[in-house]
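Protein chains: 2
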Amino acid sequence: MDTKNISQAVISRLPRYYRYLGDLKDEGTERISSGELSDIMKVTASQIRQDFNNFGGFGQQGYGYNVEYLYDEIGKILGLNEAHHLIIVGAGNLGRALTNYSNYENRGFIFEGIFDHDPSLIGKKIGELTVMPMDELEDFIISRNIDIVVIAIPKTGAVSVADRVVRCGIKAIWNFAHTDLNVPEGVVVENVHLSDSLMKLSYMLTQ
Amino acid sequence: MDTKNISQAVISRLPRYYRYLGDLKDEGTERISSGELSDIMKVTASQIRQDFNNFGGFGQQGYGYNVEYLYDEIGKILGLNEAHHLIIVGAGNLGRALTNYSNYENRGFIFEGIFDHDPSLIGKKIGELTVMPMDELEDFIISRNIDIVVIAIPKTGAVSVADRVVRCGIKAIWNFAHTDLNVPEGVVVENVHLSDSLMKLSYMLTQ
Numbered sequence: 013m014d015t016k017n018i019s020q021a022v023i024s025r026l027p028r029y030y031r032y033l034g035d036l037k038d039e040g041t042e043r044i045s046s047g048e049l050s051d052i053m054k055v056t057a058s059q060i061r062q063d064f065n066n067f068g069g070f071g072q073q074g075y076g077y078n079v080e081y082l083y084d085e086i087g088k089i090l091g092l093n094e095a096h097h098l099i100i101v102g103a104g105n106l107g108r109a110l111t112n113y114s115n116y117e118n119r120g121f122i123f124e125g126i127f128d129h130d131p132s133l134i135g136k137k138i139g140e141l142t143v144m145p146m147d148e149l150e151d152f153i154i155s156r157n158i159d160i161v162v163i164a165i166p167k168t169g170a171v172s173v174a175d176r177v178v179r180c181g182i183k184a185i186w187n188f189a190h191t192d193l194n195v196p197e198g199v200v201v202e203n204v205h206l207s208d209s210l211m212k213l214s215y216m217l218t219q
Numbered sequence: 013m014d015t016k017n018i019s020q021a022v023i024s025r026l027p028r029y030y031r032y033l034g035d036l037k038d039e040g041t042e043r044i045s046s047g048e049l050s051d052i053m054k055v056t057a058s059q060i061r062q063d064f065n066n067f068g069g070f071g072q073q074g075y076g077y078n079v080e081y082l083y084d085e086i087g088k089i090l091g092l093n094e095a096h097h098l099i100i101v102g103a104g105n106l107g108r109a110l111t112n113y114s115n116y117e118n119r120g121f122i123f124e125g126i127f128d129h130d131p132s133l134i135g136k137k138i139g140e141l142t143v144m145p146m147d148e149l150e151d152f153i154i155s156r157n158i159d160i161v162v163i164a165i166p167k168t169g170a171v172s173v174a175d176r177v178v179r180c181g182i183k184a185i186w187n188f189a190h191t192d193l194n195v196p197e198g199v200v201v202e203n204v205h206l207s208d209s210l211m212k213l214s215y216m217l218t219q
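Residue numbers (my numbering), protein chains in the order written: chain A, 13 to 219; chain B, 13 to 219.
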């Protein structure tokens, strides 16, 4: 399926569909109409149909979508049918929180290592991982087939870490540093700018 | 200024402008044209002018914008000219990380308290805060004029916490729980769904 021209807005909504369908599946729901899905997700049924039409529509019949099929198909589109191997750069509070953050693993996101430049952290256990020194970063990425790097360090160091991991062939960065990263074409960055998010909340509260 | 009808897309871009202008200000830059700002932010100059026109344009003359003025004005629009008083519900790794997350305070976000239902955490120090029990939540919110509640607990408890704080008059929730919250009209929720973000990265990597 050619999914190259799908808008960012549609893509941003896919994980949310996946989340709701996962809950429905866990509750034992087998079929759901776009109308029912619309009610629980608070988006219009026509939005749902339009979004799904980008991927061939997932074959809603008169009697609705098959929940498990739809869940699996959206999972495949999201690339969740194959395992991803991640490392975290930054073993501070945020890095720790991300290591422990709920059930990534059963969605195929496997945290393989955590790195820090602070000598006092190296060797410390964080969950099942042991903090490694930054000079082992490149070897580890290459030998363990890491495909996603999580940057959880302050912005001053983030750009150089991004450069280093991109030079090792990393194509995906999950960036928590409070700065934008300029990466070569073909490398994708998903930013989680927590301060931006908090400022947006402040804006909404002020209005 | 009537800013009621400004699109979500424009609002989402404001914190990023604020971040870049803050950096320019720190570097001592006094004036910048939309063209120069466009170069460093990788958005078109016409996008910048359109965005700023929503707020009256900030008076670019032939010689560009005054950086400090623009920074201050966008700060005011974002509601950063008055202090916000926050509490965090959830003293796990994520709650801890958020308490310590860099310089919120100088943007007027003041963390006043952290709560958890786990008896083994109550009384523990996290930075300058002491973990408080959940049954003190309502009194604390009211007596300390808290205006933003951060929810950093698993999804099972998040809905009931949201109900409790909304009943105390809270109008803004920063939600890290892996679920959507249904709140009454007039209450704003800014979600940080980390798993959604990671799935989006997986999608981009797969394409």
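Cβ atoms here follow ideal geometry from the backbone N, Cα and C, with glycine treated the same way.
Outcome for S114/B when other beta-carbon atoms lying within 10 angstroms are tallied against a minimum of 16: The predicted model places S114/B with a pLDDT of 49, which falls under 50 and marks its position as unreliable; any figure quoted below should be read in that light. S114/B comes out exposed.
G125/A: first and last residue of the uninterrupted beta strand (DSSP E) it sits in: F121 to D128
Test item: CB-CB of E202/B and K212/A under 8 angstroms: yes
Spatial distance of S45/A from L36/B (CA atoms): 51 angstroms
Below-8 angstroms beta-carbon distance, E140/A vs any chain B residue: no
Inter-residue CB distance, L217/A and A184/B (contact presumed, cutoff 8 angstroms): 4 angstroms
C-beta atoms of G214/B and L92/A nearer than 8 angstroms: At residue 214/B the sequence reads Ser, which differs from the Gly that was named. Yes, the Cβ-Cβ distance between S214/B and L92/A is below 8 angstroms.
Contacts that V200/B makes with chain A (C-beta to C-beta distance below 8 angstroms): L213, M216 and L217
Beta-carbon spacing of N112/A, N112/B below 8 angstroms: no
Cβ-Cβ separation, R43/A to V79/A (assumed contact under 8 angstroms), whole Å: 6 angstroms
CB contact check: F121/B to chain A, cutoff 8 angstroms: yes
Cβ neighbours of A174/B in the same chain (closer than 7 angstroms, five flanking residues each side left out): I163, I185, L193 and V195
Residue-level contact to chain A via CB, Y30/B, 8 angstroms cutoff: yes
Which of helix, strand or coil DSSP assigns to G69/A: helix
Under 9 angstroms by beta carbon: chain A residues contacting G71/B: Residues of chain A passing the Cβ test: none, with the nearest at roughly 21 angstroms.
Alpha-carbon spacing of L49/A relative to K137/A, whole angstroms: 43 angstroms
Straight-line Cα distance separating I86/B from F67/B: 9 angstroms
Classification of P131/A by the beta-carbon crowding that lies within 10 angstroms, buried from 16 upward: exposed
Rounded distance between the beta-carbons of P27/B and L90/B, thought under 8 angstroms: 7 angstroms
Neighbour list for N65/A in chain B, Cβ cutoff strictly below 7 angstroms: Residues of chain B passing the Cβ test: none, with the nearest at roughly 17 angstroms.
Alpha-carbon to alpha-carbon, D63/B and V22/B: 6 angstroms
Chain A contact for H96/B (CB, 8 angstroms cutoff): yes
Burial state of D38/B (16 or more Cβ within 10 Å): exposed
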